[in-house]
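The structure under discussion appears below in the form of structure tokens.
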Amino acid sequence: MRPVDKGASPYQQIREYSQALPFLEERIGCYCSYCEMNIGHVPEVEHNIAKDRGGSRTDWENLLLGCKYCNARKGTIIGDHPKDRWIWPDEDNTFLAFTYDGGIPKINEEYLCKNGQTIYAQAKQMLEDLKLDNIPCSASDKDRRYKSRINAYNRAKETLSGWDRAKGTIYEDHFKRIICIAAKAMGFFSVWMNVYKNEPIIRVALIHEFEGTALDCFDANGLAIPRLNGRI
Numbered sequence: 643m644r645p646v647d648k649g650a651s652p653y654q655q656i657r658e659y660s661q662a663l664p665f666l667e668e669r670i671g672c673y674c675s676y677c678e679m680n681i682g683h684v685p686e687v688e689h690n691i692a693k694d695r696g697g698s699r700t701d702w703e704n705l706l707l708g709c710k711y712c713n714a715r716k717g718t719i720i721g722d723h724p725k726d727r728w729i730w731p732d733e734d735n736t737f738l739a740f741t742y743d744g745g746i747p748k749i750n751e752e753y754l755c756k757n758g759q760t761i762y763a764q765a766k767q768m769l770e771d772l773k774l775d776n777i778p779c780s781a782s783d784k785d786r787r788y789k790s791r792i793n794a795y796n797r798a799k800e801t802l803s804g805w806d807r808a809k810g811t812i813y814e815d816h817f818k819r820i821i822c823i824a825a826k827a828m829g830f831f832s833v834w835m836n837v838y839k840n841e842p843i844i845r846v847a848l849i850h851e852f853e854g855t856a857l858d859c860f861d862a863n864g865l866a867i868p869r870l871n872g873r874i
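Each residue of the sequence shown is one higher than the one before, counting from 643 in the numbering used here.
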């Protein structure tokens with residue numbers, strides 16, 4: 643899950659939370675803050691603490707972007723329950739909490755178990771509440787996150803083969819740009835980062851290509867590090 647940096651509030655006051663949408667799009671890109679799907683066609687302003695449970699409707703600190711699938715599953719969970727039920731992409735380095743081997747999000751057992759049961763439970767609860775690892779098994783399950791993510795995974799694997807041939811040649815920079823364009827178009831930052839886990843040049847390029855990625859969550863080689871003032 644991509645950690646994001648929204649920056650300081652771009653407004654003093656707005657009347658409707660929908661007015662925050664263009665600012666969020668500009669700051670963190672049109673991607674779901676949870677599943678990372680490209681939502682350029684139907685972006686939704688998402689309230690960290692549900693607006694129907696006391697969360698501010700317009701406060702910049704309470705807003706992220708969500709897809710309709712994550713938004714529907716989240717509902718009023720955070721509001722019915724305290725905010726620390728989960729970890730948060732605008733507060734923590736959520737990239738450390740999940741793995742994406744094979745394109746499927748799973749709890750990063752190895753890392754989280756070393757950092758205490760509380761943070762492990764928060765990450766696990768988030769995964770379960772949002773059903774981030776859902777694999778539709780019937781025609782009635784309209785969740786498109788899985789199919790979109792697997793498409794991104796397959797495309798990333800295809801480009802990795804091309805990158806292996808291009809790196810170290812005169813075509814390296816050109817192919818790096820192709821990879822970044824494909825990744826931004828498809829979304830799923832963490833899937834691309836996982837596929838290119840052994841390629842620091844591409845990892846660093848992806849971190850800078852996706853607007854609003856929290857730069858303090860990665861080192862100079864594109865490897866994730868704990869977030870300053872975050873829980874992870």
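Yeah, the Cβ is synthetic: ideal placement off N, Cα and C, and Gly gets one too. What you are looking at is a predicted structure, and each value in this text was computed from that prediction instead of being measured.
Asked	Found
Note down the Cα distance separating S832 from E658, rounded to an integer number of angstroms.	31 angstroms
Please work out which residues of its chain come closer than 8 angstroms, Cβ to Cβ, to Q767, disregarding the five sequence neighbours upstream and downstream, and give them in chain order.	R727, W728
For a test of the three-state rule: what should DSSP assign to M679, helix, strand or coil?	strand
Hey, would you say F860 sits closer than 8 angstroms to K826, going by beta carbons?	no
Count the C-beta pairs between the segment 665-681 and the segment 704-712 that are closer than 8 angstroms, then say yes if the count reaches three, no if not.	yes
Is P731 closer than 8 angstroms to L707 when the C-beta atoms are compared?	no
Is the number of C-beta pairs between the segment 787-798 and the segment 806-820 that are closer than 8 angstroms three or more?	no
Note down the Cα distance separating I812 from G864, rounded to an integer number of angstroms.	23 angstroms
Less than 7 angstroms between C-beta atoms, sequence neighbours within five positions excluded: which residues of the same chain meet that for E733?	G872
Which of helix, strand or coil does DSSP assign to F740?	strand
Per the DSSP calculation, K716 is bridged to which residue(s)?	Paired residues: none, contrary to the question.
Nearest CA to the CA of E688: which residue from K809, K716, T741?	K716
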